[in-house]
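Chemist: Below you'll find the structure I mean.
Number of protein chains: 2
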Amino acid sequence: MNDRKILAGRDPLVFAGSPLDRGDQLRRDEAGMAALLGGDDGWWLGLIEGDPVLQDQGGLFWFRRSEIASLADMTTGLFLGHYKGSPCFAATITTADQLPLDAEITPARQAAMALGHDEAAIYAQAKALLAWHARHGFCAACGGATTAKSGGGRRQCDACGSEHFPRVDPVVIMLAVDGERCLLGRQASWPEGIWSALAGFVEPAETLEEACARELEEEAGIKVDIAGVRYVMGQPWPFASSLMIGLVAPVTDANVTIDPHELEQARWFSRDEVRTMLAGTHADAAMPPSIAIARRLAELWADGDI
Amino acid sequence: MNDRKILAGRDPLVFAGSPLDRGDQLRRDEAGMAALLGGDDGWWLGLIEGDPVLQDQGGLFWFRRSEIASLADMTTGLFLGHYKGSPCFAATITTADQLPLDAEITPARQAAMALGHDEAAIYAQAKALLAWHARHGFCAACGGATTAKSGGGRRQCDACGSEHFPRVDPVVIMLAVDGERCLLGRQASWPEGIWSALAGFVEPAETLEEACARELEEEAGIKVDIAGVRYVMGQPWPFASSLMIGLVAPVTDANVTIDPHELEQARWFSRDEVRTMLAGTHADAAMPPSIAIARRLAELWADGDI
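Take a look at the structure:
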């Protein structure tokens, strides 16, 4: 358990493994950052309501500054980091109808499945950061206007000087396990037949293990052995700024009572049943697609690796 | 590794293990929450600039509503959860000079070492939440005033309706290990002779393991095997709203080059040297106190448990 050999022979999870050097030291030089953002070096991504622009041949559409400047609100421009020596940036496109003919706006989840690993991770960073900046033009402490600093690594209030840093919201997502069966649930808004691992945001002043136990009890009424909860792996999830933390949790009380506000259904699935769901041969139940850490947790459990 | 038997016989980390039922379902009833907060049931904590009020006999000073109402700004009042059937609340004290004679304002870290486990965890929740509310009176999206909802579980903008949720900032804190030695560093602001594990905030779109590798390379110039990074344990750390995530990281390049902006010094310590530091018998180096997860990581490593 937790020996990363469990990952051998499996694809890494999408959105993880960014190849960028985020340039922590570079960001301290505000004048240098402004020059970098205003210069002609490097490559730009343009996002439209969080969705990326892809080449019609596949892969992210990387713009030169001169190309994106007429399409995007450049005041949203961010430095993402260096990739193979070139600086990479992102901005929000405002005139999507003027995109090049060989560029395609692609829904985020569809892009996640289509992109190569490096580009999916770079896109995740762009999406999470642009969304955070778009929602933080004002200071939560005093209501004043804020300005991006450090190439987008923080914002500062023009009035009171408060600094604000991008959020990363830890989310526990857990496979509750009771011997040869695991608990899966579904929300009413999901496509018919899809079941997944339960999940929830970590709250202030609790550990990952405590959040796991609280969420399982709140949503499904089951109890787990907190001391037996184990970490498996994580995945950045830029909807909006989550860090999914995959856990496996041994159950001490398996009686399910769902909270209908959170779930439409939750029930125990046998290991064989999960295998048929993963194989796509179950009569009426299926798992989320391969981009989801929930599917990976189920695969690892079905194979006896966690 | 990661078998929680490693924790057997050791005290749990302070701030973890809250005994409160946070009342997720109760919080959905705004009228019920308002009645609970305005009622005479239950017990209140009062914090002063984040510090708790303790009884001079030890333990948190729990006020009745009628007692705290004259001392605190009750508009800051929050519902923490139920403890043994009683609702628990927290508010910010504004007239500290009118505290009861048997009440003592106690600095946060001193309180953390003095309080029992349950009360330390409850205090951590109160401290993290009151600080978040105090810094979020305005909407980051539009600058409008916000109002606490759900008993303090969220804030809502009076102008644009945006919802805002308390932050939990994941922080990786890691013992980089190279065979029989581990890396410790110190910041110039720390007391002389104190060395600790390196740490840093997780950034958008990276996993815990990636954040661990990035921080070690940024701060100390060393490289780790990301696939070998292992989770050990976590600790809520309400300064201001961190979740410390303890890791152990195997090193592939042990050449130390510090970033003087982050660290004053960093160097390798042998296992024997760490043992003497933990025992308090090292000539000129010491570890942080027992409330710090860094000390626990060092203890576990010194004992060969991680």
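First to last, the protein sequences are chains A and B. Just so you know, we're using my numbering here: the first sequence kicks off at 1113 and counts up by one. Just so you know, we're using my numbering here: the second sequence kicks off at 1113 and counts up by one. Beta carbons are placed, not taken as given, at the ideal position from N, Cα and C, and that holds for glycine.
Just confirm the distance between the C-beta atoms of residue 1250 of chain A and residue 1243 of chain A, as a whole number of angstroms; I'd bet it's less than 8 Å.
Modeler: So it is not a contact: roughly 15 Å between Cβ atoms.
Chemist: Since residue 1239 of chain B is in the alpha helix (DSSP H), which residue starts that stretch and which ends it?
Modeler: Note, residue 1239 of chain B: alpha helix (DSSP H), 1229-1246.
Chemist: Quick check: is the beta carbon of residue 1116 of chain B nearer than 8 Å to any beta carbon in chain A?
Modeler: Here the model assigns residue 1116 of chain B a pLDDT of 48, short of 50, so the residue's position is not dependable and the matter cannot be decided.
Chemist: Can you tell me whether residue 1115 of chain B is buried or exposed? The criterion is at least 16 other CB atoms within 10 Å of its CB, across all chains shown.
Modeler: Here residue 1115 of chain B scores only 48 on pLDDT, less than 50, and its place in the model is too uncertain to base an answer on.
Chemist: Could you tell me which uninterrupted beta strand (DSSP E) segments, each at least 3 residues in length, are contained entirely in the region 1273-1341 of chain A, listed from first to last along the chain?
Modeler: Runs found: 1281-1290, 1293-1298 and 1310-1313.
Chemist: Going by DSSP, what residues sit across from residue 1173 of chain A in a beta bridge?
Modeler: For residue 1173 of chain A, which the question treats as bridged, DSSP gives no partner whatsoever.
Chemist: Compare the C-alpha of residue 1186 of chain B against each of B:1360, B:1150, B:1354 and B:1229 and name the closest.
Modeler: Of the candidates B:1360, B:1150, B:1354 and B:1229, the one whose C-alpha sits nearest the C-alpha of residue 1186 of chain B is B:1150.
Chemist: Of the residues B:1318, B:1381 and B:1262, which one's Cα is nearest the Cα of residue 1426 of chain B?
Modeler: What the structure shows of chain B is the stretch from 1113 to 1418, and residue 1426 of chain B is not part of that stretch, so it cannot be assessed.
Chemist: Distance, Cα to Cα, residue 1272 of chain A vs residue 1139 of chain A?
Modeler: C-alpha separation (whole angstroms): 22 Å.
Chemist: So what's residue 1210 of chain B in DSSP terms, helix, strand or just coil?
Modeler: The answer is helix: DSSP assigns residue 1210 of chain B an H, G or I state.
Chemist: Alpha carbon to alpha carbon, what distance is there between residue 1304 of chain A and residue 1183 of chain A?
Modeler: Rounded to the nearest angstrom, the two C-alpha atoms are 39 Å apart.
Chemist: Does the structure place the region 1308-1324 of chain B close enough to the region 1268-1287 of chain B that three or more beta carbon pairs sit under 8 Å?
Modeler: A contact exists between the region 1268-1287 of chain B and the region 1308-1324 of chain B.
Chemist: Note the first and the last residue of the continuous beta strand (DSSP E) segment covering residue 1217 of chain A.
Modeler: It spans 1215-1217 - the beta strand (DSSP E) in which residue 1217 of chain A sits, taken as one unbroken run.
Chemist: So for residue 1136 of chain A, helix, strand or coil by DSSP?
Modeler: Coil at residue 1136 of chain A, not helix or strand.
Chemist: With DSSP as the reference, please indicate the residues paired to residue 1266 of chain A in a beta bridge.
Modeler: Note: residue 1266 of chain A sits in a beta bridge opposite A:1261.
Chemist: Roughly how many angstroms separate the alpha carbons of residue 1379 of chain B and residue 1297 of chain B, rounded to a whole number?
Modeler: The straight-line gap from Cα to Cα measures roughly 6 Å.
Chemist: Which of the three DSSP states, helix, strand or coil, is assigned to residue 1178 of chain B?
Modeler: Reduced to three states, the DSSP call for residue 1178 of chain B is helix.
Chemist: Please state whether the Cβ-Cβ distance between residue 1371 of chain A and residue 1330 of chain A is less than 8 Å.
Modeler: Yes, they are a contact pair.
Chemist: I believe residue 1318 of chain B touches residue 1130 of chain A by the beta-carbon criterion, under 8 Å. Please report the beta-carbon distance rounded to the nearest angstrom.
Modeler: Going by Cβ atoms, the distance from residue 1318 of chain B to residue 1130 of chain A rounds to 6 Å, so yes, they are a contact pair.
Chemist: In chain A, which residues lie less than 9 Å from residue 1250 of chain B when you measure between Cβ atoms?
Modeler: Chain A residues near residue 1250 of chain B: 1250, 1251, 1252, 1253, 1254, 1255 and 1256.
Chemist: What three-state label does DSSP hand residue 1403 of chain A in the structure shown?
Modeler: Here residue 1403 of chain A sits in coil by DSSP.
Chemist: Cα separation between residue 1225 of chain A and residue 1351 of chain B?
Modeler: The alpha-carbon atoms of residue 1225 of chain A and residue 1351 of chain B are separated by roughly 39 Å.
Chemist: Can a CB atom of chain A be found closer than 8 Å to the CB of residue 1275 of chain B?
Modeler: Residue 1275 of chain B does not count as touching chain A.
Chemist: Mark residue 1396 of chain A as exposed unless 16 or more other C-beta atoms lie within 10 angstroms of its C-beta, in which case mark it buried.
Modeler: It counts as exposed.
Chemist: My output table needs one value for residue 1187 of chain A: the three-state DSSP class, helix, strand or coil.
Modeler: Strand at residue 1187 of chain A.
Chemist: By DSSP's criteria, residue 1168 of chain B is part of a beta bridge. Which residues make up the other side?
Modeler: The partner list for residue 1168 of chain B (beta bridge, DSSP) is empty, contrary to what the question assumes.
Chemist: Taking C-beta to C-beta, are residue 1400 of chain A and residue 1306 of chain A nearer than 8 Å?
Modeler: In contact: residue 1400 of chain A and residue 1306 of chain A (Cβ atoms closer than 8 Å).
Chemist: Report all residues from its chain with a CB closer than 7 Å to the CB of residue 1113 of chain A; omit the five preceding and five following residues, and keep chain order.
Modeler: Residue confidence for residue 1113 of chain A is low, a pLDDT of 38 falling below 50, so the modelled location carries little weight and cannot support an answer.
Chemist: Enumerate, from N- to C-terminal direction, the unbroken alpha helix (DSSP H) stretches of 4 or more residues contained entirely within the region 1356-1400 of chain B.
Modeler: The region 1356-1400 of chain B contains these whole alpha helix (DSSP H) runs: 1383-1391.
Chemist: Using three-state DSSP, classify residue 1125 of chain B as helix, strand or coil.
Modeler: Here residue 1125 of chain B sits in coil by DSSP.
Chemist: Is the beta carbon of residue 1301 of chain B closer than 8 Å to that of residue 1406 of chain B?
Modeler: For residue 1406 of chain B and residue 1301 of chain B, no; Cβs fall outside 8 Å.
Chemist: Might you give, ordered along the chain, the residues of its own chain that have their beta carbon closer than 7 Å to the beta carbon of residue 1159 of chain B, omitting 5 neighbours on each side?
Modeler: Correct list, in chain order: 1202, 1204, 1205, 1238, 1239 and 1242.
Chemist: In angstroms with no decimal places, state the Cα-to-Cα distance between residue 1157 of chain A and residue 1294 of chain A.
Modeler: Cα-Cα distance, rounded: 41 Å.
Chemist: Identify whether residue 1352 of chain A lies in helix, strand or coil by the three-state DSSP scheme.
Modeler: The answer is coil: DSSP assigns residue 1352 of chain A none of H, G, I, E or B.
Chemist: For residue 1193 of chain A, name the three-state secondary structure that DSSP assigns.
Modeler: Note: residue 1193 of chain A maps to strand in three-state DSSP.
Chemist: Give a yes or no on whether the C-beta atoms belonging to residue 1394 of chain B and residue 1385 of chain B are separated by under 8 Å.
Modeler: Result yes, Cβ atoms of residue 1394 of chain B and residue 1385 of chain B sit closer than 8 Å.
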